[in-house]
């Protein structure tokens, strides 16, 4: 018989609850593009309309493991977010900014037409 999570949680040790919370936080902090889109409550079709592309383009993009940063930035913006690229080193983190605001001249011309 299925039990509610709150009932199960009440029987867990404090250590188990802490591990479960850590795992849940990690899962919320890391997700693939399709998971992010779903978490934002958007269908592929709705996101495609925001990006002025067809739905199959969104399906392909969500399966890709390699893409232009500008493509990813546009995708994230259409979801209501902003993309930041951060490099992590043993000494600390560095936010990469040299391509953050570079605009695609071909894309700008297409938008002007």
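In the UniProt record's numbering, the protein residues as written are 1 to 113.
Beta carbons: idealized from backbone N, C-alpha and C, even for Gly.
Query                                                                                                                                                                                : Result
So, at 7 Å on beta carbons, what are the nonlocal neighbours of residue 18 in its own chain, with the 5 sequence-adjacent residues on each side left out?                            : none
Could you check whether the segment 2–19 touches the segment 34–42, counting it as contact only if at least three pairs of C-beta atoms, one from each stretch, sit closer than 8 Å? : no
Tell me the DSSP secondary structure of residue 39 in three-state form.                                                                                                              : helix
Helix or strand or just coil, what does DSSP make of residue 30?                                                                                                                     : coil
Assuming residue 33 and residue 78 form a contact by the criterion Cβ under 8 Å, report the distance between their Cβ atoms to the nearest whole angstrom.                           : Incorrect: roughly 11 Å between the Cβ atoms, too far for contact.
DSSP puts residue 86 in a beta bridge; with which residues?                                                                                                                          : 95
Assign residue 3 to one of three DSSP states: helix, strand, or coil.                                                                                                                : coil
Residues in its own chain within less than 8 Å of residue 67 by CB, not counting five upstream and five downstream?                                                                  : 61
Cα separation between residue 50 and residue 57?                                                                                                                                     : 12 Å
Hey, quick one: how far does the alpha helix (DSSP H) through residue 77 stretch, first residue to last?                                                                             : 69–78
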